[in-house]
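Worksheet for the structure shown next.
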Ligand code: ADP
Ligand code: TYD
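Written out as structure tokens, the structure reads:
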């Protein structure tokens, strides 16, 4: 096993953009390179955080205000960081997470009122870490929504906000990619899965070596 520094990689994008498919494919490729990645997700990724996840992704779309959501997502993220992410990086393992803090920046910070300041303040106090690389899967919201709803998992609280909401998210993620170009790469996610994976592997290789 090659023991080098663990890389912290996040996948971001709107619902149904293909994040979990690509996170699995990236983990499989890293294994072929002799690495031992931890594949994880948010909200969730640790037992306590998974309990908080159920409160967030199920039920009525108006169940929580955006401000309450920021606190719940951050509580789940803190648990994920303490129990899963930090121990894995400390052991030299790569961590691939399906969503991280950028999801809160966009879903809570930029779509239902301007709460970005609150998101950034709480992130700075409670989390204070960014991924080494963030792959933003960029796709037309209509295609992604059709993919996501075809799946109907019972965890569709955010999909239920509708297409206009997904369009705002799409713009938000694109803006984020230009705001943080050192960390973020925009990936065209409208293509076939293998082509997207090849692009992701190229970005990981170029940016992280
Ligand atoms: P996310 O994790 O971003 O919600 P998923 O990876 O779960 O997205 O993909 C959503 C749905 O779209 C799944 O049913 C998946 O099989 C399908 N899918 C994923 N990638 C592609 C692709 N490149 N082309 C067509 N369908 C895809
Ligand atoms: P996820 O399971 O990744 O959904 P999907 O597979 O549909 O992309 O995430 C659950 C939902 O939680 C998703 O709609 C995005 C939302 N979310 C936020 O609103 N803020 C956050 O900080 C995170 C991590 C997720």
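Numbering (the working numbering), first residue to last: 1 to 209. From the three backbone atoms N, C-alpha and C, an ideal C-beta is built for every residue, glycine too.
- Beyond the five residues adjoining it in sequence on each side, residue 200 comes within less than 8 angstroms, by CB distance, of 22, 25, 26, 135, 187 in the same chain, given in chain order.
- If the five residues before and after residue 16 are omitted, its C-beta is found closer than 7 angstroms to the C-beta atoms of 144, 145, 147, 148, all from its own chain and listed in chain order.
- Counting only the Cα atoms, residue 51 lies some 12 angstroms from residue 77.
- Between the ligand TYD and residue 158, a heavy atom-to-CB distance of less than 6 angstroms is present.
- Within the chosen limit of 6 angstroms, the ligand ADP reaches the beta carbon of residue 147 through at least one heavy atom.
- Under the DSSP definition of a beta bridge, residue 41 partners with 98.
- Two segments are said to touch when three or more pairs of C-beta atoms, one from each, lie closer than 8 angstroms; by this definition the region 40-49 touches the region 89-103.
- In this structure, residue 20 has its CB closer than 6 angstroms to one or more heavy atoms of the ligand ADP.
- Taking a cut-off of 8 angstroms for Cβ pairs, the region 61-70 and the region 4-15 do not touch, as fewer than three such pairs fall below it.
- Annotation for residue 59: 157 place their beta carbon closer than 7 angstroms to its own, counting only its chain and skipping 5 residues before and after.
- Remark: the C-beta of residue 16 is in contact range of the ligand ADP, defined as less than 6 angstroms to any heavy atom.
- When DSSP states are grouped into helix, strand and coil, residue 195 belongs to the helix group.
- A distance criterion of 6 angstroms places the beta-carbon of residue 87 beyond contact range of the ligand ADP, judged by its closest non-hydrogen atom.
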